[in-house]
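Counting in numbering that gives the first Met the number 0, the first sequence runs from 0 upward without gaps. Quick reminder that beta carbons are idealized off the backbone N, C-alpha and C, glycines included.
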Amino acid sequence: MSSQSSNDFYHRVYQVVVQIPIGKVTSYGAISRYLGVESGARMVGYAMNNYSSAEIGFEIPAHRVLNRLGQLTGRAHFEGDTMRERLEQEGVEFTEEYTVNMDKHFWNPFELDN
DNA sequence: GCCTTGACGTTAG
DNA sequence: ACTAACGCCAAGG
0 MSSQSSNDFY
10 HRVYQVVVQI
20 PIGKVTSYGA
30 ISRYLGVESG
40 ARMVGYAMNN
50 YSSAEIGFEI
60 PAHRVLNRLG
70 QLTGRAHFEG
80 DTMRERLEQE
90 GVEFTEEYTV
100 NMDKHFWNPF
110 ELDN
């Protein structure tokens, strides 16, 4: 059994990710800041990595979580080009092959508080 | 238990 | 504009 605090943090991450709207993306750092951890971006990435093997009972749109520059840094964890394909399917625009137009599609988790 | 690695981000040079 | 260093800290070796 892993420690209580990290488990809670991971689960809170999943709860945010599951609410990212279709056609929108957010970043590891934005999620971390929303959860009150200023320098926890890496932990969010770790939570996403852990999700692959976690049993949390529901699916999350992991493909909508990018780094702060809009790069698909987690694409290696998807089969083939699935991450990019899913985003394109949702109408997300790219500025580079593996970089999303953040100006147009960035979603701030703090919008949940409105 | 120490060391390395890493779905990150900021700062310094 | 580009690279290096560092802070973060959980997992796995």
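Check whether residue i and residue j have beta carbons under 7 Å apart
{"i": "residue 24", "j": "residue 65", "result": "yes"}
{"i": "residue 67", "j": "residue 26", "result": "yes"}
{"i": "residue 70", "j": "residue 97", "result": "yes"}
Closest residue to residue i among the options (Cα-Cα distance)
{"i": "residue 45", "options": "33, 82, 22 and 6", "result": "6"}
{"i": "residue 63", "options": "98, 88, 77 and 19", "result": "19"}
{"i": "residue 112", "options": "81, 76 and 34", "result": "34"}
{"i": "residue 21", "options": "28, 61, 10 and 4", "result": "61"}
Inter-residue CB distance, residue i and residue j (contact presumed, cutoff 8 Å)
{"i": "residue 79", "j": "residue 47", "result": "Not confirmed; about 18 Å, so no contact."}
{"i": "residue 115", "j": "residue 103", "result": "The structure shown does not extend to residue 115, since the chain is modelled only from 0 through 113, so no value can be given for it."}
{"i": "residue 59", "j": "residue 16", "result": "5 Å"}
Reduced DSSP category for residue i - H, G, I as helix; E, B as strand; rest coil
{"i": "residue 1", "result": "Residue confidence for residue 1 is low, a pLDDT of 43 falling below 50, so the modelled location carries little weight; the figure read from the coordinates is stated next. In the structure shown, residue 1 sits in coil (DSSP, three-state: anything other than H, G, I, E or B)."}
{"i": "residue 31", "result": "helix"}
{"i": "residue 105", "result": "strand"}
{"i": "residue 36", "result": "coil"}
Runs of alpha helix (DSSP H) lying entirely within the stretch 61-102, each at least 4 residues, in chain order: 81-88
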